[in-house]
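Position one of the sequence shown corresponds to residue 1 (my numbering), numbered consecutively onward.
Cβ coordinates follow ideal geometry from the N, Cα and C atoms, glycine included.
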Amino acid sequence: MNWKLLGLAAVAVPAFAAPALAHHSFSMFDADKTVALNGTVKEFEWTNPHAWLRIMVNDQASGKAMQYAIEMGSPGQQARVGWKPDSVKPGDVVAVKIHPLKDGSRGGQFVSAVLPNGQQLGMGGQRNNAEGQ
Numbered sequence: 001m002n003w004k005l006l007g008l009a010a011v012a013v014p015a016f017a018a019p020a021l022a023h024h025s026f027s028m029f030d031a032d033k034t035v036a037l038n039g040t041v042k043e044f045e046w047t048n049p050h051a052w053l054r055i056m057v058n059d060q061a062s063g064k065a066m067q068y069a070i071e072m073g074s075p076g077q078q079a080r081v082g083w084k085p086d087s088v089k090p091g092d093v094v095a096v097k098i099h100p101l102k103d104g105s106r107g108g109q110f111v112s113a114v115l116p117n118g119q120q121l122g123m124g125g126q127r128n129n130a131e132g133q
């Protein structure tokens, strides 16, 4: 048996598997809760591994606009349900539903959105139901 080849394989297999292990879980989101937010788009990042939607939401207690960071699926997943890199732009008013972060931070996991043109889009990688979810 070729020990060098076996040794190389023993090193290579874990090295190639490491990126798969780097992907995070979604345990930081409270999947049992859904929160509706109305806000103005600050930024839409169409990037891998996850797209991000950042919106400014008026805080009822302080009256100040607060930023919410909403994690979406990958651009490929988002494209399958109708999202495009230019679906929203800064200044657009949107209504979104999210699974909030368990720690109470301003952000969450994307569930659905109503875009400025009235189009409803749901979760990336999944087909929309009648409600866009």
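In the structure shown, what three-state DSSP assignment does Pro75 receive?
-> Pro75 falls in the helix class under three-state DSSP.
Measuring alpha carbon to alpha carbon, tell me which of Gly108, Ala113, Gly122 and Asn117 ends up nearest Phe29.
-> The residue from Gly108, Ala113, Gly122 and Asn117 with its alpha-carbon nearest to that of Phe29 is Gly108.
Work out the CA separation of Lys64 and Pro75 for me, nearest whole Å.
-> Taking the straight line from one Cα to the other gives about 31 Å.
Look at the alpha carbon of Val111 and the alpha carbon of Gln60, and state the distance between them as a whole number of angstroms.
-> Their backbone Cα atoms lie some 23 Å apart in a straight line.
When DSSP labels each residue in this structure, what does Arg80 get in the three-state scheme?
-> It is helical.
When DSSP labels each residue in this structure, what does Leu21 get in the three-state scheme?
-> Confidence in Leu21 is poor, its pLDDT being 47 and thus under 50, which makes the residue's placement too unreliable to answer from.
Sequence-distant residues of the same chain with beta carbon closer than 6 Å to Pro19, five excluded per side = No answer about Pro19 holds up, because its pLDDT of 49 lies below 50 and its placement is not dependable.
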